[in-house]
Amino acid sequence: MQNISKEEILSILETVTDPEIPVLSILDLGIVRDVEIDSSGKLKITITPTYTGCPAMDVINMSIRMCLLENGFKDFEIKTILSPAWTTDWMSEEGKKKLKAYGIAPPNIRQQVCTPELFYEEEAIQCPRCDSYHTQLISLFGSTACKSLYKCNNCEEPFEYFKCH
Amino acid sequence: MNTNSQFPIPNSRFLIPYTLHLADNTLILAQQNSAWCAHGPILEQDIAITNISLDLIGQARNFYQYAAQIINNSKAPSPLERAGGEVATEDTLAYLRDNREFKNCLLVEQANGDWGKTILRQFLFSNYQYLLYEKLQQSKDEQLAAIAEKALKEVTYHLRWSSEWVIRLGDGTEESHQRMIHAINELWLYVDELFNNADYETALLKENISVDVSSLKNKWLEKASAIFDEATLQIPQNVFAQTGGKQGFHTEHLGYILAEMQFMQRAYPNSVW
């Protein structure tokens with residue numbers, strides 16, 4: 000696969016989605032950290048996990064592999080790195096919009112609460128349905144490692160919030 | 000998972016037990032917490048404690064993968080020799096080592112008890128783990144630093160969650176208050192071990208690979224005191240300290256944990272699913 004551009008690779012990777020939040024592509028999530036094509040045409044893709052124990056990572060790795068094979072790539076490497084650690088700030092604006100439309104409140108800007116001291120400050124989370132900030136935390140942990148449970152006091156709907164990291 | 004560390008590693012003699020110690024702490028606590036699955040007091044908290052297990056298993060996998068890599072790339076005697084394993088993997092390290100080869104702190108292997116005891120164990124450990132990973136991020140060993148950097152964010156959530164529960168139960172009803180006092184009495188003798196450097200920790204200090212855990216104690220106490228004050232609980236004074244886990248001398252609980260956790264691989268070697 001000579002002469003393929005990085006942009007073309009990215010548009011292929013755009014079709015790989017998160018198995019647990021299928022509206023988000025791995026590019027929206029900021030999981031893909033680097034795409035390199037060396038002079039011999041070998042492709043190297045660097046990804047990073049969202050959460051250390053995220054069970055979706057094995058599936059995502061496999062999906063990338065399948066997707067590249069389907070698109071005719073044979074000589075490629077998928078490398079996983081841990082540092083720098085993934086942060087919700089890497090989620091694209093487009094991704095945040097898609098999350099909200101899907102009914103999950105997108106993560107706030109990270110600097111607000113990600114130290115133990117600031118953690119005790121109550122965070123204002125906007126309801127993805129009615130946009131009210133009159134919401135309450137039900138549980139810090141939700142159906143997946145990356146989400147917490149909230150309830151909207153305005154429209155009274157429960158919803159999930161993608162935790163800031 | 001691939002890593003980008005360079006080999007050969009000069010300190011494998013101490014780096015192997017140190018990495019296994021970090022891995023065993025997280026695996027054993029995860030295994031204990033996971034027993035709450037479908038038994039939590041309410042659904043949300045059942046999900047919370049098992050989410051914490053999942054985070055800890057994720058950390059354990061990263062540490063074991065790294066330990067396996069060092070073992071396979073070094074001439075150091077493999078901790079798997081007795082199990083007949085030739086190539087170390089994250090799975091062989093978790094499932095084929097014996098009681099005496101585990102290097103976790105005694106605290107994490109203590110029985111779940113009631114919800115209060117599980118909460119307290121988590122709080123005592125998360126408080127320690129937060130301070131440990133904060134420092135380990137600066138380790139000269141790039142892979143250990145990367146795992147710590149990644150996991151610190153998750154531990155922040157564990158610490159917040161367990162702190163809130165210590166306060167809720169300590170400053171709750173007469174019953175919950177008494178149960179927390181009971182939990183403190185049962186667990187406090189395992190606290191000091193967290194802050195005693197094992198030989199492998201001391202050996203790696205010179206190269207700035209390990210964290211001097213004795214230096215974490217003051218900050219740890221500060222945090223524990225603040226939370227206990229709010230929870231109307233007292234920090235015990237002059238408690239006998241039981242140690243040994245980091246050297247492989249465990250309480251009776253670890254044997255039961257391993258018997259359950261390792262059963263499938265022991266009964267049906269190399270089985271996969």
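These protein sequence lines are chains A and B, in that order. The numbering of the first sequence is numbering that gives the first Met the number 0, which starts it at 0 and goes up by one. The numbering of the second sequence is numbering that gives the first Met the number 0, which starts it at 0 and goes up by one. Ideal Cβ positions, reconstructed from N, Cα and C, are used throughout, including at glycine. Quantities reported herein were computed from a predicted structural model and do not represent experimental measurements.
Query, Result
"Start-to-end residues for the beta strand (DSSP E) that takes in P157 of chain A", "157-161"
"Outcome for G83 of chain B when other beta-carbon atoms lying within 10 angstroms are tallied against a minimum of 16", "Note that G83 of chain B has pLDDT 49, beneath the 50 cutoff, so the model's placement of it is unreliable and the number below is only indicative. With fewer than 16 other Cβ atoms within 10 Å, it is exposed."
"Proximity winner among B:T242, B:I41, B:F122, relative to K222 of chain B (alpha-carbon distances)", "B:F122"
"Proximity test, Cβ basis, 8 Å: N61 of chain B and chain A", "yes"
"DSSP three-state assignment for I41 of chain B, whether helix, strand or coil", "coil"
"Proximity winner among A:E76, A:A55, A:C53, relative to R64 of chain A (alpha-carbon distances)", "A:E76"
"Span of the alpha helix (DSSP H) around F124 of chain B", "114-135"
"Spatial distance of F158 of chain A from Q109 of chain B (CA atoms)", "36 Å"
"Neighbouring residues, chain A, relative to G169 of chain B (Cβ below 7 Å)", "Result: empty, since nearest Cβ-Cβ is about 17 Å, beyond 7 Å."
"Classification of S39 of chain A by the beta-carbon crowding that lies within 10 angstroms, buried from 16 upward", "exposed"
"Beta-bridge partners of Y149 of chain A, as assigned by DSSP", "A:L136, A:F158"
"Under 9 Å by beta carbon: chain B residues contacting F140 of chain A", "E43, Q44, I46, A47, I48, T49, N50, I51, Y156, W160"
"Segment contact, 8 Å Cβ cut-off, at least three pairs: the segment 59-74 of chain A with the segment 122-139 of chain B", "no"
"Proximal residues of chain A, C-beta to C-beta of D54 of chain B below 8 Å", "Y50, T51, G52, A144"
"Euclidean distance between Cα positions of K78 of chain A and R178 of chain B", "48 Å"
"Nonlocal neighbours in the same chain, by C-beta distance under 7 Å from E19 of chain A, ignoring five residues either side", "A55, T143"
"Alpha carbon of L148 of chain A to alpha carbon of F140 of chain A, nearest angstrom", "7 Å"
"For P21 of chain A and A104 of chain A, the rounded distance between their alpha carbons", "15 Å"
"First through last residue of the beta strand (DSSP E) which encompasses R178 of chain B", "From DSSP, R178 of chain B is part of no beta strand (DSSP E) but of the alpha helix (DSSP H) over 173-186."
"Supposed close pair E185 of chain B, K116 of chain B - CB separation, criterion 8 Å", "6 Å"
"DSSP state of E7 of chain A mapped onto helix, strand, coil", "helix"
"Closest residue to P106 of chain A among A:K97, A:T87, A:S91, A:E92 (Cα-Cα distance)", "A:T87"
"Same chain, Cβ closer than 8 Å to I108 of chain A, five either side skipped, listed in chain order", "D88, C163"
"Helix, strand or coil at T49 of chain B according to DSSP, with G and I counted as helix", "helix"
"Of the residues B:Q241, B:L257, B:A147, B:D113, the one placed nearest V135 of chain B, counting alpha carbons only", "According to the sequence as given, residue 135 of chain B is Leu; it is not Val. It is B:A147 whose Cα lies nearest to the Cα of L135 of chain B."
"Pairwise C-alpha distance: D170 of chain B and N195 of chain B", "31 Å"
"Option nearest S273 of chain B by Cα separation, candidates B:A266, B:C36, B:G244", "Residue coverage of chain B in this structure runs from 0 to 272, which leaves residue 273 of chain B outside it and unanswerable."
"Contact set between I137 of chain A and chain B, taken where Cβ atoms lie within less than 7 Å", "E43"
"Cβ contact check for the segment 237-253 of chain B and the segment 201-215 of chain B: 3 or more pairs under 8 Å", "no"
"Contact under 8 Å by Cβ, G94 of chain A with P127 of chain A", "no"
"Exposed unless 16 or more other CB atoms sit within 10 angstroms - verdict on E285 of chain B", "The requested residue 285 of chain B does not occur in the structure, where chain B is confined to residues 0 to 272."
"Contacting residues, own chain, Cβ-Cβ under 7 Å from L28 of chain B (five flanking each side not counted)", "L55, V107, F124"
"Buried versus exposed call for M90 of chain A [16 or more other C-beta atoms within 10 Å across all chains shown]", "buried"
"Distance between A225 of chain B and N111 of chain B (C-alpha atoms, nearest Å)", "24 Å"
"Below-8 Å beta-carbon distance, L81 of chain A vs any chain B residue", "yes"
"Collapsed DSSP secondary structure at E19 of chain A in the structure displayed", "coil"
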